[in-house]
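So the sequence lines, in the order shown, correspond to chains A and B.
Numbering-wise (this note's numbering), the first sequence opens with residue 1 and increments by one.
Numbering-wise (this note's numbering), the second sequence opens with residue 1 and increments by one.
Even for Gly, the Cβ is constructed at its ideal location relative to N, Cα and C.
A short worksheet on the structure shown next.
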Amino acid sequence: NAGVTQTPKFQVLKTGQSMTLQCAQDMNHNSMYWYRQDPGMGLRLIYYSASEGTTDKGEVPNGYNVSRLNKREFSLRLESAAPSQTSVYFCASHLSQGLAGGVKETQYFGPGTRLLVL
Amino acid sequence: QQPVQSPQAVILREGEDAVINCSSSKALYSVHWYRQKHGEAPVFLMILLKGGEQKGHEKISASFNEKKQQSSLYLTASQLSYSGTYFCGTVPGYQKVTFGTGTKLQVIP
């Protein structure tokens, strides 16, 4: 059970280049998210997917596209990278469980992708 | 709009207690709490839903005041392993988490 995995771990791009960040989870979670974290800052939601086949914009979607390929995988694409997109990108998945005592919710993060755009 | 956390930073000696506050300008469905160590991914600590309080992790608990749109994280008898940056995440709508400004906690021997 690997949890949430992300590839690549590090990437350097030149302005205008494109790339896709990959994320996969093996926990059968319905919801998946992409966040970015700039140095010394909190996380900002780029896009999320509440279930397979659906995606929605978060706080900072401009310059990004996403694809929820299946329940396991949620990819983030930068079509034309800009220096302002230099950041650490985290993928996360969310579990909501109905239990006898109520609802239990947890969110798991991948290890992150460090992206530098020159 | 980003929730505001206070304090921004705190230094504790092992065994001391701390409270971290999170305040939102929007009505909330739930509040999440996370801890992030330097260079690592955030780790989910707990979630508080409207009308509930959840103890989730070690000697860490939290409360959620829906009317005031505030949540507080309580760390008791702090350990060195508690060091890191704590983020609250507020959820005004279904599953869209907005993260707070962060509180840097350092526990020293």
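Since residue i and residue j should fall inside the 8 Å C-beta cutoff, what is the C-beta to C-beta distance between them, to a whole number of angstroms?
i	j	result
B:A9	B:S78	With a Cβ gap of about 14 Å, B:A9 and B:S78 do not count as contacting.
Applying the criterion that 16 or more other CB atoms from any shown protein chain within 10 Å of the CB defines a buried residue, is residue i buried or exposed?
i	result
B:T85	buried
B:Q1	exposed
A:R77	exposed
A:G110	buried
A:G3	exposed
B:E14	exposed
Per DSSP, what are the beta-bridge partners of residue i in this structure?
i	result
A:H94	A:S31, A:Q107
A:Y47	A:W34, A:K57
When DSSP labels each residue in this structure, what does residue i get in the three-state scheme?
i	result
B:Y82	helix
A:Q85	helix
A:E73	strand
A:R68	coil
B:Y34	strand
B:Y29	coil
Counting only Cβ pairs nearer than 9 Å, list the residues of chain A close to residue i.
i	result
B:F87	G42, L43
B:T101	M41, G42
Residues of chain B with a CB under 7 Å from the CB of residue i: which are they?
i	result
A:E105	I47
A:G112	A41
Using a Cβ cut-off of 8 Å, pull out every chain A residue sitting near residue i, in sequence order please.
i	result
B:F44	T106, Q107, Y108, F109
At a CB-CB cut-off below 8 Å, which residues of chain B make contact with residue i?
i	result
A:F90	A41, P42
Given that residue i touches chain A, what residues does it touch there, using C-beta distances under 7 Å?
i	result
B:F64	Within chain A, no residue comes near B:F64; the closest Cβ sits about 13 Å away, beyond 7 Å.
Margin query: So if I threshold CB-CB distances at 9 Å, which residues from the region 16 to 37 of chain B count as touching chain C?
Written below: Absence of chain C from the displayed structure is noted, the protein chains being A and B.
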